[in-house]
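Same order as they appear, the protein sequences are chains A and B.
Sequential numbering from 5 applies to the first sequence in the numbering used here.
Sequential numbering from 6 applies to the second sequence in the numbering used here.
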Amino acid sequence: MLSAVVLHALAALAVASGVLVFVVDSMARATFSLLTSLLCVAGVVIGLGLDYLGVVTVLMMTIEMAVMAVFMIMYMMNPAGLMPMTMVHNTRGSAVLCGLLFVLLVTGVLLIPWPEPRGRPPRDATRELGMSLMGPQMLTMMTLGMALFATIVSGVVLAVRGGRYDRRGDGLDAGREPGPSRGDVGG
Amino acid sequence: MSLQAVMVLAAALLCTGLFGVLTQQSVVMLMMGLELMLGGVVATAAGTWHHLAPDRADGQVIVLVAVTAMALEMAIGFAVVTALFREREVDVTDRAAELKE
Chain A
5 MLSAVVLHAL AALAVASGVL VFVVDSMARA TFSLLTSLLC VAGVVIGLGL
55 DYLGVVTVLM MTIEMAVMAV FMIMYMMNPA GLMPMTMVHN TRGSAVLCGL
105 LFVLLVTGVL LIPWPEPRGR PPRDATRELG MSLMGPQMLT MMTLGMALFA
155 TIVSGVVLAV RGGRYDRRGD GLDAGREPGP SRGDVGG
Chain B
6 MSLQAVMVLA AALLCTGLFG VLTQQSVVML MMGLELMLGG VVATAAGTWH
56 HLAPDRADGQ VIVLVAVTAM ALEMAIGFAV VTALFREREV DVTDRAAELK
106 E
C-alpha cells in the first residue's frame, strides 16, 4: 500500500518536473527539472522490480545531465536565468497537437483489454537479464555495442576540427597553413 | 502501480517531451524534450515487463536499449551542434534550415 502511494507520487513528480523543464526560464533549472523527472522514472522502474536497470538509469541520467549542463553553458545565452527570455515557436499548435495525442493515448490505455499476466517475476530479475543478454538476446547486445562504438567514432569525427590531411592535402605537402599546436607535421 | 497508471505516466512524459521538441528553438532544449520522450519509453517497457510478461527478460532488454538510445542521442546531438556551431555559429533550429531550401 505504502509502496503504491510512493510510486504514484513519483509518477506525479516525474510529470510535474517534466512540464517544468519547458516552463522555467533558467536553463540550469530546466536541466535539474529534467534530472528530477528522469530520476523519478528510474524510481518507478525500481518500484516495478527492476532494481539493476533503475540504478543504471539513475547513474546514467545524473552524468548525462551534468554533461548537458556544460553544453548548456557553452551554447545557451542564458545559463543562469538572469535575463528571462523565451526561445519557442508554434506554441499553440504544438500544445493542441500534444494535448490531442495525450487524450488519444490515455483513451487507448484505458479501453484496450490488456492480456492477463503470463508467468511470475523471477527471483532475481538482474540474473535473468544477464542470462538473456548473453544468450538469446546476444544479437541485441552486440548491436548495442556496435552502435556505441559507431557513436564514439562519429562523435569525434563531427566534433573535431579538420585534421592535418584537410590542411595539407593527401600527401601532406600542399599549403603551409600551420597546425593548431606545435609539433604538427610541417610545423 | 497498475499497468494503466504506468502507461498514463509514459503517455504524459511522451506528450510533454513532444511539446518541447516541437516548440523549443534551442537545440539543447530540443534534446531535453527527446530525453523526456525516451523516459516515457523506459517507463512503458518496465511496466509491460512487470505486468504482462515477467517470466521473460524481453521487457528488461527494451529498457536497456532505450537507456542506450538516450546516451547515444545526447552524444551525437552535441557533436552535431558542435559541428554546426563551428561551421556557421548557429545554435537554434530555425537558422539551421539548409535542407529546407
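Cβ atoms here follow ideal geometry from the backbone N, Cα and C, with glycine treated the same way.
- Looking at the DSSP output, S31 of chain B shares a beta bridge with B:V97.
- If you ignore the 5 residues before and after A178 of chain A, its C-beta comes within less than 7 Å of the C-beta of R172, all in its own chain and listed in chain order.
- DSSP, reduced to helix, strand and coil, places V113 of chain A within a helical segment of the structure shown.
- Closer than 8 Å to the CB of P117 of chain A there is not a single CB belonging to chain B.
- When the five nearest sequence neighbours on each side are left out, no beta carbon in the same chain lies closer than 7 Å to the beta carbon of A20 of chain A.
- Around the C-beta of I116 of chain A, fewer than 16 other C-beta atoms lie within 10 Å, and the residue is accordingly described as exposed.
- Taken in chain order, the unbroken stretches of alpha helix (DSSP H) that lie wholly in the region 29-90 of chain B and span 4 residues or more are 32-56.
- Among the CB atoms of chain A, none fall inside 8 Å of the CB of A101 of chain B.
- Cβ-Cβ distances below 8 Å link S7 of chain A to G51 in the same chain, with the five nearest sequence neighbours on each side left out; the list follows chain order.
- The region 18-31 of chain B makes contact with the region 101-111 of chain A; the number of CB pairs closer than 8 Å reaches 3 or more.
- Under the DSSP assignment, S136 of chain A falls in the alpha helix (DSSP H) whose first and last residues are 129-137.
- Ranked by how close their Cα comes to the Cα of T61 of chain A, the residues B:V47, B:G22, B:F83 have B:V47 in first place.
- Taking the Cα positions, V97 of chain B is about 28 Å away from D170 of chain A.
- For L54 of chain A, no alpha helix (DSSP H) segment is defined, and its DSSP state is neither H nor E.
- In this structure, V71 of chain A lies away from M34 of chain B, with their beta-carbon atoms at least 8 Å apart.
- Each residue's CA atom was taken as its position, placing M12 of chain B and G52 of chain B some 7 Å apart.
- With a cutoff of 8 Å on beta-carbon distance, F26 of chain A and F83 of chain B are scored as not near each other.
- Cα atoms of G44 of chain B and V45 of chain A: separation of roughly 7 Å, rounded to the nearest angstrom.
- Under DSSP, V92 of chain A forms a beta bridge with B:Q29.
- DSSP places S30 of chain A outside both helix and strand once states are collapsed to three, so it counts as coil.
- The continuous stretches of alpha helix (DSSP H) do not include S7 of chain B, and DSSP gives it neither H nor E.
- Chain B places a beta carbon closer than 8 Å to that of T61 of chain A, counting this residue as a contact.
- One finds nothing in chain A with a Cβ atom closer than 8 Å to the Cβ of L35 of chain B; even the nearest lies about 10 Å away.
- Judged by beta-carbon spacing, L41 of chain B lies within the 8 Å limit of L18 of chain B, meaning their Cβ atoms are closer than that value.
- A check of alpha carbon separations from V66 of chain B across A:M64, A:M150, A:A129, A:L176 identifies A:A129 as the nearest.
- Neighbours of L18 of chain B across chain A, judged by C-beta separation under 8 Å: A18, V19, G22, S41, V45.
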